[in-house]
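*Asks:* Residue numbers for the sequence shown follow my numbering, beginning at 6 and rising by one.
Glycine residues also receive a C-beta, built at the ideal position from the N, C-alpha and C atoms.
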Amino acid sequence: MFYHAKELQFNARVSAPDPRFARLLLEQFGGANGELKAAMQYFVQAFGVKQVYPDKYDMLMDIATEEFSHLEIVGATIQMLLKGVNGELKDAADAEEITTTLLDGKEKKETYIHDAMINPHFFALSGGGPVVTDSNGVPWSGMYVNANTDLTVDLRSNMGAESRAKIVYEHLMQYTDDPYVKETLRFLMTREIAHFQMFEAALETIQPNFPPGILQGDPKHSNTYYNMSKGMDARGPWNEGKSTQLGEEWIFIEDPQKHVVETNGLTEREPEGTDRTEESVAEQNSLLAAERSGEIKAAVPAEGEAQWSHFPEDGQPGRR
Ligand code: MN
Ligand code: MN
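1) At which residues does the beta strand (DSSP E) containing F257 begin and terminate?
2) The beta strand (DSSP E) with Y174 in it runs from where to where?
3) By the DSSP assignment, the beta strand (DSSP E) with T4 in it spans what residues?
4) Do you know offhand how far E283's Cα is from P216's?
5) Contact defined as beta carbons within less than 8 Å: I believe T82 pairs with V186. What is the distance between those atoms, to the nearest angstrom?
6) Run the proximity test for R191: is its beta-carbon closer than 6 Å to any non-hydrogen atom belonging to ligand 4?
7) Where in the stretch 249–315 do unbroken runs of the alpha helix (DSSP H), each at least 4 residues long, occur, reported from the N-terminal end onward?
8) Find the nearest neighbour of H126 within the set Y117, T116, T138, judged by alpha-carbon distance.
9) Relative to the C-alpha of W145, which residue among E254, Q50, E40, S20 is closest?
10) Does ligand 2 have even one heavy atom less than 6 Å from the beta-carbon of E167?
11) Taking 6 Å as the cut-off, is the CB of E5 close to at least one heavy atom of ligand 2?
12) Going straight from the alpha carbon of K225 to that of E277, what length do you get?
13) Ligand 2 heavy atoms versus the CB of A152: any closer than 6 Å?
14) Closest to V49 by CA distance: which of T70, A37, L29, L30 is it?
15) Does the distance from the CB of L160 to the CB of L208 come in under 7 Å?
16) If S248 sits next to N269, beta carbons under 8 Å apart, how far is it from one beta carbon to the other, in whole angstroms?
17) Taking the DSSP output, what are the residues bridged to T138?
18) Measuring only the C-alpha atoms, how far is Y231 from I78?
19) Comparing C-alpha positions only, which one of I256, D260, E245 sits nearest to K235?
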């Protein structure tokens, strides 16, 4: 269950209202790389690992819950940046009052109308609160959530998600001079740096973790680089020397078209620069499949009653 504490995780403050920055900040509320996406991604991923990897479940739920706390900070900041918008809209019954006193004459009203036109979701739709969209008003989507119930895939997705969240905060910080808002954004950005390393460390505890999933790659195709253009051909550790994970020799295929024709569309290509063979691949596939399905079978009874929690929840999650 979730239990709400009324204190924010970080003491979010603003110096003054700024509806324009509030709109930009919506990107981290309901955007593709925002806090709701992060919270939902780790929350959804956690279901599939609770019984098999209780230690990773604990981590995913802790980070998901922290992301909900970030969502709360972003929402609170947007609300503070919109101070005034809500009150003025509620004065609709007295249009004259808005123009002459609250808005300090016609010039200020013109500014207000301009703000409404570039910010319709605050000024016309929500009336001065956050909405679950990105900064362009595109509604949040479950399609932002990447969860494949394989930790070697999901933890890598999470490192990508944290990288994107970090860079969006870095961009946002360039559009506000408010020292309080900058302080909050810096905190949120820094937590993404911390989370990245948590997911990276968790991935390292799962061995082997490459390639993602169970099935090993075809040794004929795991270490070839196709030179798909003419002209300046850059060389680097991505196409010469040994590959980063499998440690195979990169084979640079200078003329891919000729190579494809000569090998009958690659079907007659022989492996080179690798110790892996069809036999070793088959052996590794069945070993890993047995190990991973064994972990699941041992942790999750196939038949009969099921119970998600224990009351009280049992002790410390196992360390792997
Ligand atoms: Mn966050
Ligand atoms: Mn994060």
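*Replies:* Result, derived from the coordinates:
1) Here the question's residue 257 lines up with position 252 in the sequence shown. 256–258 is the span of the beta strand (DSSP E), which, as asked, contains F257.
2) Numbered from its first residue, the sequence shown carries residue 174 at position 169. Segment 156–177 is the alpha helix (DSSP H) holding Y174; no beta strand (DSSP E) there.
3) Because the chain spans 6 through 325 in this model, residue 4 falls outside it and cannot be assessed.
4) Residue mapping note: residue 283 aligns to position 278 of the sequence shown, counting from 1. Residue mapping note: residue 216 aligns to position 211 of the sequence shown, counting from 1. Rounded to the nearest angstrom, the two C-alpha atoms are 16 Å apart.
5) Indexing the sequence shown from 1 puts residue 82 at position 77. Indexing the sequence shown from 1 puts residue 186 at position 181. That pair is a contact at about 7 Å.
6) Absence of ligand 4 from the depicted structure is noted, with ligand 1 and ligand 2 being the only ligands included.
7) Annotation: the stretch 249–315 contains the following complete segments of the alpha helix (DSSP H) (minimum length 4 residues), in chain order: 261–267, 283–304.
8) For the purposes of this step, residue 126 is taken as residue 121 along the sequence shown, with counting starting at 1. Comparing Cα-Cα distances from H126 to each of Y117, T116, T138, the minimum goes to T138.
9) Residue mapping note: residue 145 aligns to position 140 of the sequence shown, counting from 1. The candidate whose alpha carbon is nearest that of W145 is E40.
10) In the sequence shown, counting from the first residue as 1, residue 167 sits at position 162. Relative to ligand 2, the beta carbon of E167 is positioned inside 6 Å of a heavy atom.
11) As shown, the chain starts at 6 and ends at 325. That puts residue 5 outside it, with no answer to give.
12) Position 220 of the sequence shown, counted from the start, is the residue given in the question as residue 225. Position 272 of the sequence shown, counted from the start, is the residue given in the question as residue 277. Distance between the alpha carbons of K225 and E277 is about 7 Å.
13) Taking the sequence shown and counting its residues from 1, one reaches residue 152 at position 147. Checking the Cβ of A152 against ligand 2 gives no.
14) Position 44 of the sequence shown holds residue 49. Nearest option by C-alpha distance: T70.
15) Position 155 of the sequence shown, counted from the first residue, corresponds to residue 160. Position 203 of the sequence shown, counted from the first residue, corresponds to residue 208. Cβ atoms of L160 and L208: closer than 7 Å.
16) Along the sequence shown, read from residue 1 onward, the residue named residue 248 stands at position 243. Along the sequence shown, read from residue 1 onward, the residue named residue 269 stands at position 264. That pair is no contact at about 25 Å.
17) Against the sequence shown, residue 138 aligns to sequence position 133. Per DSSP, P144.
18) One-based indexing of the sequence shown puts residue 231 at position 226. One-based indexing of the sequence shown puts residue 78 at position 73. Those two C-alpha atoms are separated by around 47 Å.
19) The sequence position of residue 235 within the sequence shown is 230, counting from 1. It is D260.
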